[in-house]
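Chains as they are written, first to last, in the working numbering: chain A, 1 to 184; chain B, 1001 to 1076. C-beta atoms are modelled at their ideal positions from N, C-alpha and C, and glycine is treated no differently. In what follows, a structure is listed as structure tokens, so that the remarks can point back to it.
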């Protein structure tokens, strides 16, 4: 469900937690229960991270599922005939086969984490204080709240460079992999 | 080169420009002062190249109660 739900919608859902969770817990008998993750400076970032993981885990699962379904069944049967158990099958056959999907998922999620804006904006707005301020929110603040367009643009370029640091090695890796497959 | 190919290349160039122009505006604006941008236009060449925007954006810009710039948020 999290894959098809927009990040702002996910944040909207999570905004109900601080009010609904204590009511539910109090009705269940846990009268001292409190949910202050989004209002506590030290815990707000973890609330954002957990929401982000929930929101993006479906996408990662879909890619892993596609990868697992694309594994050659002959390899699996050959390993079973050779006496490989489930653990050994995963470690020696399935994981090495879907290893490129791990890298793809890691890079895509890292890119979306760096450029994450709407989830944090809708969930906490960077607060409380500046405890959940991310680079994109800083750039937004520079450009649209303080009209510091020059500095905001410089911060945006710095963020672009950080994305290049992540994406360029991945692009080179994909190219190297294609060349290796073409040679094989 | 056929006419079809010319049209395809022209469309691709237009689309590439649509993608790259905003990026170019941001890069050029990062070398202009905010005062100059406010006095002239959002789109334009810088009168003087100002590289201090990068230094200030990186670790000097004040936000809320701290003057850490974007550095701690980038390195988080």
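- Taking residue 1024 of chain B as reference, the option from B:1006, B:1059, B:1001 and B:1044 with the minimal CA-CA separation is B:1044.
- Within chain B, the residues placing a beta-carbon under 7 Å from that of residue 154 of chain A are 1030, 1053, 1054 and 1057, ordered along the chain.
- By the Cβ-count criterion, residue 151 of chain A is buried, with 16 or more other Cβ atoms from all chains shown falling within 10 Å of its own Cβ.
- Separation of the CB atoms of residue 94 of chain A and residue 68 of chain A is rounded to 7 Å, and the pair is thereby assigned contact status at 8 Å.
- The criterion of a C-beta distance shorter than 9 Å is satisfied by residue 100 of chain A and residue 177 of chain A.
- In this structure, the CA atom of residue 1050 of chain B is about 54 Å from the CA atom of residue 91 of chain A.
- When A:140, A:70, A:111 and A:110 are compared, the shortest CA-CA separation from residue 121 of chain A is found for A:140.
- With contacts defined as CB atoms closer than 9 Å, residue 1021 of chain B and residue 153 of chain A fail to qualify as a contacting pair.
- Contacts with chain A at 9 Å (Cβ-Cβ) include residue 1037 of chain B.
- If you check the CB distance, residue 1030 of chain B and residue 156 of chain A come in under 9 Å.
- Here the C-alpha atom of residue 144 of chain A lies approximately 12 Å from the C-alpha atom of residue 136 of chain A.
- Assigned with DSSP and collapsed to three states, residue 148 of chain A falls in coil, not helix or strand.
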